[in-house]
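Shown next, in structure tokens, is the structure this report addresses.
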Amino acid sequence: MFKRFLLCLLLLTSLVACGGNNSAQVPAPVEKTVDGVTLKLTSESPLSQNTDQTWVINVTQNGQPVDNADVYLDIDMPSMPMGQNKPLAKSEGNGNYRAQGIYTMGGAWAVSVFAEFDGKEYQASFDFNVPE
């Protein structure tokens, strides 16, 4: 009976270890501060190719939400430029903006966040690896 228990425990442990596949995980939010403006990028879905992706961009200046910005993403694969992939973000208030786009294939991608307000543009770039 004890051997059966150990065998089941070993099998369960193996399944849990295999289930930790990064392709099914939503990446942690990332942020950068440029000239007092913080651009925070949060993905709402796991990194996946040819699947609609939704991002929330939070824009703050000196800790205060910015609601009057024009915000867009520039999604690019540096090793293989994919053409124009620049979804516009819609304001949701409290410094939050939502954009939708797609990673067209697996590999290394750069997502640049642009926010323009008060006559100045702020930009931050983040790197992601989309599973193939």
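In short: position in the sequence shown from 1, add 21, done, that's my numbering.
Even glycine gets a Cβ: it sits at the ideal position worked out from N, Cα and C.
Cβ-Cβ distance between residue i and residue j below 9 Å
i, j, result
"V80", "Y143", "yes"
"N89", "F138", "yes"
"E113", "V77", "yes"
"V92", "V55", "no"
"G128", "N150", "yes"
"A131", "M98", "yes"
"V58", "A110", "no"
"P108", "A120", "yes"
Burial state of residue i, where buried means 16 or more other Cβ atoms lie within 10 Å
i, result
"Q74", "buried"
"G116", "buried"
As assigned by DSSP and simplified to three states, the class of residue i
i, result
"A110", "coil"
"A122", "Residue identity check: residue 122 is Gly in the sequence provided, not Ala. In the structure shown, G122 sits in a strand (DSSP, three-state: E or B)."
"N150", "strand"
"V77", "strand"
"Q82", "strand"
"N117", "strand"
"A49", "coil"
"S69", "coil"
"A90", "coil"
Beta-carbon proximity list for residue i, same chain, < 7 Å, skipping 5 on both sides
i, result
"P50", "K61, L62, T63"
Cβ-based neighbour list, residue i, same chain, cut-off 8 Å, excluding 5 preceding and 5 following
i, result
"S100", "G128, A129"
Cutoff 6 Å; reference residue i; Cβ partners in own chain excluding five residues on either side
i, result
"Q70", "Y124, M126, G127, V151"
"D148", "A131"
"T72", "none"
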